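Notes follow once the structure below has been shown.
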Amino acid sequence: MELSELDPTYMPRHVALVMDGNGRWAQQRGLPRTDGHAAGEEALMDTIWGAQEAGIRWLTVYAFSTENWKRPLDEVRFLMNFNERLLLTRRDEIHARNIKMQFLGRRDWRVPRRILKRIDETLELTKNNDSMTVSMAFNYGGRAELVDAVRRIVDSGVPANKVNEKLISANLYDPTMPDPELVVRTSGEIRTSNYLMWESAYSEWVFTDVLWPDFRREHLYDSIREYQQRERRFGGLAAEDA
Ligand code: IPE
Ligand code: IPE
Ligand code: MG
7 MELSELDPTY MPRHVALVMD GNGRWAQQRG LPRTDGHAAG EEALMDTIWG
57 AQEAGIRWLT VYAFSTENWK RPLDEVRFLM NFNERLLLTR RDEIHARNIK
107 MQFLGRRDWR VPRRILKRID ETLELTKNND SMTVSMAFNY GGRAELVDAV
157 RRIVDSGVPA NKVNEKLISA NLYDPTMPDP ELVVRTSGEI RTSNYLMWES
207 AYSEWVFTDV LWPDFRREHL YDSIREYQQR ERRFGGLAAE DA
């Protein structure tokens, strides 16, 4: 799908992606799983630039989940180094394109200090950029995010009867982030894997068989096209029946 084939008056503001299938992509080629993660870099960059071209204001990508620590140590270590190198080599270009970087996740002891430092530098570098926000969900889990929000709310001493949906949203990792209208998962897996649980409550989900390293902006546009053909009801009735 070309960008020109999309309806410019009905674009999602926020698209979230589950970048899945790297391991299978590598296995299909007789390569180690980690080669699949490396090949995902091009997919990510093309998707970011393509989203920017389409005027998407928020793009969130699932880079490492709170459950991914269960993987073999070598793979975890590879993913940590890979994400650090990605930040180091790509942040200037991201900054030059006026893109703000954001991180969603737990800054706990398992994340090497070095990476937290790179993250902080990148946040600082890009903080005033305003063409779009690219959020990396890194050491991210939807349940962990809710637990962290509840902890903050309890710590602040808010009485129980003042807890509402707005307050919970305001205590998530990025309170300024709008809910994603569209969540795309690659590689044919049809589950959420603890991604943006609260934020995606009413998102349209699109599942594609494309493995993440093969994903390009055209696939993003295909997903947006599918979103544009859906009817969002939010529990109400279709416009023509209301
Ligand atoms: C997604 O690819 C990347 C991460 C989870 C970090 P996978 O590594 O999950 O690839 P598959 O699902 O095993 O093919
Ligand atoms: C979700 O993919 C996490 C990321 C893409 C970072 P997984 O491959 O970890 O999810 P499961 O294990 O198939 O549910
Ligand atoms: Mg996977």
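For our numbering, count along the sequence shown from 1 and bump the result up by 6. For every residue, glycine included, the Cβ atom is placed at its ideal position computed from N, Cα and C. Keep in mind it's a predicted model, so treat the numbers as computed, not measured.
Would you report the Cα separation of residue i and residue j, rounded to the nearest angstrom?
i: R222; j: L122; result: 29 Å
i: R158; j: E8; result: 44 Å
i: E73; j: A248; result: 43 Å
i: E90; j: G148; result: 23 Å
i: E130; j: A44; result: 26 Å
i: V82; j: F144; result: 12 Å
i: L217; j: D154; result: 32 Å
i: F109; j: Q235; result: 31 Å
i: Y233; j: V212; result: 8 Å
i: R103; j: S137; result: 8 Å
i: I100; j: N167; result: 43 Å
i: A244; j: M25; result: 32 Å
i: I125; j: E237; result: 38 Å
i: G69; j: S199; result: Residue identity differs from the one stated: residue 69 is Ala in this sequence, not Gly. If you take the alpha carbons of A69 and S199, they lie about 12 Å apart.
i: G27; j: S175; result: 30 Å
Secondary structure at residue i, three-state DSSP: helix, strand or coil?
i: W75; result: helix
i: T40; result: helix
i: K133; result: coil
i: Y233; result: helix
i: V24; result: strand
i: I105; result: strand
i: W64; result: strand
i: F70; result: strand
i: L85; result: helix
i: L110; result: strand
i: D52; result: helix
Does the beta-carbon of residue i have 16 or more other beta-carbons within 10 angstroms, so that it is buried, or is it exposed?
i: S71; result: buried
i: G42; result: buried
i: I105; result: buried
i: E246; result: exposed
i: P186; result: buried
i: G241; result: exposed
i: G29; result: buried
i: Q58; result: buried
i: E151; result: buried
i: A49; result: buried
i: A22; result: buried
i: Y16; result: exposed
Is any heavy atom of ligand 4 found at a distance shorter than 7 Å from the C-beta of residue i?
i: W211; result: As presented, the structure is devoid of ligand 4, carrying ligand 1, ligand 2 and ligand 3 as its sole ligands.
So is the beta-carbon of residue i under 7 Å away from any non-hydrogen atom of ligand 2?
i: V24; result: yes
i: S141; result: no
i: R112; result: no
i: E151; result: no
i: R103; result: no
i: R119; result: no
Hey, is residue i close to ligand 1, as in C-beta under 7 Å from one of its heavy atoms?
i: F70; result: yes
i: G148; result: no
i: L93; result: no
i: N170; result: no
Would you say residue i touches ligand 3, meaning its beta carbon is less than 7 Å from a heavy atom?
i: G29; result: yes
I'd like to know if residue i contacts chain B, where contact means its C-beta is closer than 8 Å to some C-beta of that chain.
i: A22; result: The question asks about chain B, but that chain is absent: this structure has only one protein chain.
Problem - In chain order, each alpha helix (DSSP H) run of at least 4 residues that lies wholly inside the stretch 137 to 224 - result: 148 to 161, 171 to 176
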